[in-house]
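Q: What follows is a structure written as structure tokens; I'll ask about it next.
Chains as they are written, first to last, in the numbering used here: chain A, 1 to 324; chain B, 1001 to 1514.
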């Protein structure tokens, strides 16, 4: 029970941090409202999917440097396919792009298992390859997106029996995020595959001896990472209406949120909720610093400090908890 | 012998099984090559239903490789494995498990970051029988929600065993199961193994403890140098036969001492190093002294705590009890740097643990003394160069491959490690299996070097897994078994046979011979 509480304690701590930041925001900018929260969530969306992609891979004991590049490929693929096509055509595009992400991720995993080249080298190479592929598909930002898809991330969800004052604070982007993550993560977490992913991240040798197929599990973990990256790519296209072939700043942000979210970079520990809250926290920090009109160059310094302090504090508390 | 159905003497235990039954597991001619090295040449093992079968052999005889092949963790290069007369080849531990071969490996196999329940789910082990076995093995306060990492090592072993038992294996493989267990838990294990046997299930039992083997095994297969050299029925007096088989022809040609052993007590004053009642890891209570100018051998079977002893002396691990004295003064090492300052330096068997493989010979030798702690400013290059050159010449290190130590042969790498400590004027060298994987000629050079150093007043503690080395280099042999010093043999009688006997905890032969 104690480790369970400890695991959740990290998430709880992040929630507290989030609430403190929310209060700070309200103090700095008294008219910060539901609309601003909605746009925050829309901005968070691609980051959150990048974080989810990274989290699965890191839990399996790996790292995926090609997350942002996969998002670029899937984003431009979606935008190019939907450009000028009918609204219903998008019904076909979405599953195709998701499958594409799955394949790109599986390719990463397969190369790592097959060539036995370290994951960091393989995904660095595929980062460059995917970047090039994205530029081949669209050499400049362009393409389009179906209107109904764009509508998915704008506005709020009307929920019956809830006053509008409440529903105004539930932006569609948040609902989409929660549903997309839950649909993949919850069944995974309860399956043998999910367990195996944690197992190979914790100890490859022990997992092998327990009868887990390490190679297959690793490929699956990268494939699921690719699937999340494709969701990220789609969310990019949806929120901007076009596809951008140059990868955004999602790679480092994803690693940062994974660390801040209580996932051990060595693998085997942590969950998805922590990193997701962590990425929202990091975005909110940036919003606050912008509202305070802090020099943008100082902003990154403060973000870095927050990360170091939180991770140190977490390790310190965990150590004290163990010694007690 | 607490079990009422198998009373009295060892002979009856051995004779109770009918020999005509078909074997449940039959491995013949199993071989495994790693590159040019043959870990197994021609191993056979035949296990009858309901039999408890001991698998024995000296270090490096191939026991672990055979176990890994039988359980699908390693693919054999040759040979045939039959289960109930049907030829099988396992591609993974999972496949072997499904065929009813379930191992408990030497090291814990639980996933450290998962809780116990998840670990069970991973191997699809039913919880209820598992919990029942855990209770029967004498552990009553286990929570399934506990993370495996937080469970003490001995209990993890019990959980491994319970998980294996819950899978209802036809053949259970126990690799050094009892080594890490306290006596009461080890007894429970013996009990459980007997019950498996009574239920018609087979157990392959690997252990260095003759007492346990005599208590529960029916037959023993003995491996030597990757080959099966004998299958024996367990009865009184079989220990001697097993030791003979493990040693093979070696027992005949007892070699003499190849160096002039130091006459004892030539140096006055306190011993260089004195270890008193040391407890660390598997070591329970170890005391010995290392004199000035002495090379003392340490002999032990694998996993008797010799690693921990050397780590404690080198300052890499804190002992849980006991004291270490250097030159008569008690010391406490918080860091290897403390031990080095006190003049104790480790030469590990694995060179990569000691050397900077990508750096030059010079840098490697100069490392400890050109960068002393708490000293700033530029390195005194000329002085450094002189010291390093002296050390290289003295050890005749082949320096053609100057740039990167990793290009040197293993023997020359080991010389660099030793040269480093000589150059740093360290007076006590802790050699942990220093000649592992080194060619014979260089081995000889290392022996000669260590003898020379001893002649100049250096003290050397020398653990070796190759027992014949003792008479090449040591003045006496300290034998550790079950966490304690069981014997100290003067070099004149420390031949391989005597050392092997002592290492298995058997009394000296002169005392048992009629």
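C-beta atoms are modelled at their ideal positions from N, C-alpha and C, and glycine is treated no differently.
1. Any heavy atom of the ligand PLP inside 8 Å of the beta-carbon of residue 1452 of chain B?
2. Run through DSSP, which three-state label would residue 1425 of chain B get?
3. Using a Cβ-Cβ cut-off of less than 8 Å, list which residues of the stretch 172 to 203 of chain A approach chain B; keep chain order.
4. Span of the alpha helix (DSSP H) holding residue 1065 of chain B?
5. Taking CB distances under 9 Å as the criterion, tell me whether residue 218 of chain A reaches chain B.
6. Can residue 1160 of chain B and residue 1093 of chain B be called in contact, C-beta distance under 9 Å?
7. Distance, Cα to Cα, residue 1167 of chain B vs residue 1129 of chain B?
8. Thinking just about the alpha-carbon of each residue, which of B/1404, B/1414, B/1455, B/1310 is nearest to the one in residue 1396 of chain B?
9. Taking the continuous alpha helix (DSSP H) assigned at residue 1447 of chain B, which residues delimit it?
10. Could you pull out every residue in the same chain whose Cβ sits closer than 6 Å to the Cβ of residue 1058 of chain B, ignoring the five residues on either side in sequence?
11. Tell me the residue span of the beta strand (DSSP E) that contains residue 217 of chain A.
12. Please report the distance separating the alpha-carbon of residue 1390 of chain B from that of residue 1349 of chain B.
13. Could you list which residues in chain E have their beta carbon closer than 8 Å to that of residue 206 of chain A, in chain order?
14. Starting from residue 1171 of chain B, trace the beta strand (DSSP E) both ways and give me its first and last residue.
15. Taking just the CA atoms, how far does residue 1346 of chain B sit from residue 1314 of chain B?
16. Is the beta carbon of residue 1186 of chain B less than 9 Å from the beta carbon of residue 1212 of chain B?
17. Report the neighbours of residue 269 of chain A on chain B: residues whose CB is nearer than 7 Å to its CB, in chain order.
18. Under 9 Å, do residue 217 of chain A and residue 199 of chain A count as touching if we go by C-beta distance?
19. Find the nearest neighbour of residue 945 of chain B within the set B/1229, B/1199, B/1336, B/1459, judged by alpha-carbon distance.
20. Assign residue 1044 of chain B to one of three DSSP states: helix, strand, or coil.
21. Expressed to the nearest angstrom, what Euclidean distance is found between the alpha-carbon atoms of residue 168 of chain A and residue 152 of chain A?
22. For residue 320 of chain A, which residues in chain B fall below 8 Å Cβ to Cβ?
23. Any C-beta of chain B sitting closer than 9 Å to the C-beta of residue 211 of chain A?
24. Can you give the Cα-Cα distance for residue 1386 of chain B and residue 1392 of chain B, rounded to whole angstroms?
25. With H, G and I counted as helix, E and B as strand and the rest as coil, what does DSSP make of residue 1289 of chain B?
26. Which chain A residues sit within Cβ distance under 8 Å of residue 1097 of chain B?
27. Only counting runs of 4 or more residues, tell me where the alpha helix (DSSP H) segments fall wholly within the stretch 1165 to 1224 of chain B, in order along the chain.
28. Expressed to the nearest angstrom, what Euclidean distance is found between the alpha-carbon atoms of residue 1253 of chain B and residue 1050 of chain B?
29. Reducing DSSP to helix, strand and coil, say where residue 1106 of chain B ends up.
30. Can you say whether residue 157 of chain A is buried or exposed, counting buried as having 16 or more other CB atoms within 10 angstroms of its CB?
31. Between which two residues does the alpha helix (DSSP H) holding residue 1140 of chain B run?
32. How would you write the range of the alpha helix (DSSP H) that residue 1472 of chain B sits in, first residue to last?
33. Using a Cβ-Cβ cut-off of 7 Å (strictly less than) and excluding sequence neighbours within five positions of residue 20 of chain A, which residues of its own chain qualify?
34. Do you know offhand how far residue 1309 of chain B's Cα is from residue 1283 of chain B's?
35. Tell me whether residue 1113 of chain B is buried or exposed, calling it buried when 16 or more other Cβ atoms sit within 10 Å of its Cβ.
36. Output needed in chain order: residues of the stretch 1110 to 1144 of chain B with a Cβ under 9 Å from some Cβ in chain A.
A: Quick answer:
1. Ligands in the displayed structure: none, and consequently the ligand PLP is not present.
2. Correct three-state label for residue 1425 of chain B: coil.
3. Against chain B - using a Cβ distance shorter than 8 Å - the residues of the stretch 172 to 203 of chain A are 192, 195, 196, 198, 199, 201, 202, 203.
4. In this chain, the alpha helix (DSSP H) harbouring residue 1065 of chain B covers 1063 to 1070.
5. No - not a single Cβ of chain B is within 9 Å of the one on residue 218 of chain A.
6. Their beta carbons are not under 9 Å apart, which means residue 1160 of chain B does not touch residue 1093 of chain B by this criterion.
7. Rounded to the nearest angstrom, the gap between the Cα atoms of residue 1167 of chain B and residue 1129 of chain B is 9 Å.
8. Measuring from the Cα of residue 1396 of chain B, the nearest candidate turns out to be B/1414.
9. Residues 1440 to 1455.
10. Within the same chain, and ignoring the five residues on either side of residue 1058 of chain B in sequence, the residues whose Cβ sits closer than 6 Å to its Cβ are 1246.
11. Careful: residue 217 of chain A lies outside any beta strand (DSSP E), inside the alpha helix (DSSP H) at 214 to 240.
12. One Cα belongs to residue 1390 of chain B, the other to residue 1349 of chain B, and the distance between them is close to 24 Å.
13. In summary, chain E is missing from the structure at hand, where the protein chains are A and B.
14. Counting along the chain, the beta strand (DSSP E) containing residue 1171 of chain B begins and ends at 1171 to 1175.
15. The C-alpha of residue 1346 of chain B is placed about 6 Å away from the C-alpha of residue 1314 of chain B.
16. Contact: yes.
17. Simply 1113.
18. Contact: yes.
19. This structure gives no information on residue 945 of chain B, because the portion of chain B shown stretches from 1001 to 1514.
20. Residue state for residue 1044 of chain B is assigned as strand, using DSSP reduced to three classes.
21. Roughly 15 Å between the two C-alpha positions.
22. What residue 320 of chain A touches in chain B: nothing, since even the nearest Cβ is about 15 Å away.
23. So yes, residue 211 of chain A belongs to the interface.
24. The straight-line gap from Cα to Cα measures roughly 10 Å.
25. In this structure, residue 1289 of chain B counts as strand in the three-state DSSP scheme.
26. Within chain A, the residues 211 have their CB atoms less than 8 Å from the CB of residue 1097 of chain B, given in chain order.
27. List check, alpha helix (DSSP H) in window: 1183 to 1198, 1210 to 1216.
28. With a pLDDT of only 44 at residue 1253 of chain B, under 50, the local geometry of the prediction cannot be trusted, and the value read off the model is given with reservation. Roughly 40 Å separates the two Cα atoms.
29. In the structure shown, residue 1106 of chain B sits in coil (DSSP, three-state: anything other than H, G, I, E or B).
30. By the 10 Å Cβ count, residue 157 of chain A comes out exposed.
31. Residue 1140 of chain B -> no alpha helix (DSSP H), and no H or E assigned at all.
32. First-last of the alpha helix (DSSP H) with residue 1472 of chain B: 1470 to 1473.
33. Contacts found: none.
34. A straight line joining the alpha-carbon of residue 1309 of chain B with that of residue 1283 of chain B spans about 7 Å.
35. Looking at its Cβ environment, which holds 16 or more other Cβ atoms inside 10 Å, residue 1113 of chain B is buried.
36. Flagged, chain order: 1110, 1111, 1112, 1113, 1114, 1115, 1118, 1119, 1121, 1122, 1123, 1124, 1143.
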